[in-house]
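Quick note: the sequence shown uses this note's numbering, first residue 6, plus one each step.
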Amino acid sequence: MAKVISTLFISADGVAEIDPGWHFPYFDENMGRAVTEDYETSDTLLLGRDTYDSFAGAWPDREAAGGEDAPFAKQIGDMRKVVASRQNLQFTWRNSELIDGELTDAVRALKADPSVQGILIPGSISVVQQLLAAGLVDELRLLIHPVAARKGRKLFDDGDTAYHLKVTLTEAYPTGVIRVIYTPTEAPKTA
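Structural data, given as structure tokens:
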């Protein structure tokens, strides 16, 4: 069964809606390596409409320009891109398709599809929130920046049920960014 992995840049105060002003000063080769590792886990991208629009507006041009990030742009261009949107979309980026039906049903089908190796969700906060609530996220891969953004959309919304997470990996980078990989788990047993 394919894993669903969410990868997000996040501030110390939980804001996952990145602002270039607090994100890019911390982006270095370590973070680049972590992002590359995340993309190597999967052959399918699951994107919300806003993230899709952002990616489709940048990566095809970067691939065509042939610059330093053209190989990465080609890699994600070649990946299957499944987009969650309530609107009908006209896709201009190759290998893109709209989810047919409910998000959770579509993700369950993707996870069960033997031809799918892995599903990566870059950004796409609302998609991640819905899949966390449905118990469909296998890993949260967070690059926590040493900044309190103080505004913007947070990864964890208000709710009645706590999400218990197990740390499976941590790395600290010289920039102060901490990479943490979590897996959802059961609450600890009380003594």
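Note that the Cβ used here is the ideal one computed from N, Cα and C, for glycine as well.
Around residue 74, the same chain offers 67 as residues with beta carbons nearer than 7 Å, after the five sequence neighbours per side are excluded. With a cutoff of 9 Å on beta-carbon distance, residue 116 and residue 141 are scored as near each other.
Rounded to whole angstroms, the Cβ separation of residue 153 and residue 18 is 4 Å, and the two are in contact under 8 Å. The continuous beta strand (DSSP E) containing residue 176 extends over residues 169 to 177. In this structure the stretch 6 to 18 lies against the stretch 115 to 130, because at least three pairs of beta carbons, one per stretch, are closer than 8 Å. With a 10 Å radius around the Cβ and a threshold of 16 neighbouring Cβ atoms, residue 92 comes out exposed.
A contact between stretches requires three or more CB pairs, one per stretch, nearer than 8 Å, and the stretch 31 to 41 meets this requirement with the stretch 144 to 158. Spatial neighbours of residue 190 in its own chain (CB-CB distance under 6 Å, excluding positions within 5 residues in sequence) are listed in chain order as 169 and 171.
Take residue 76, set aside five residues on each side of it, and no residue of its chain has a beta-carbon closer than 8 Å to its own. Annotation: residue 90 is outside any beta strand (DSSP E) and is labelled neither H nor E by DSSP. Here the alpha carbons of residue 194 and residue 61 stand approximately 45 Å from one another.
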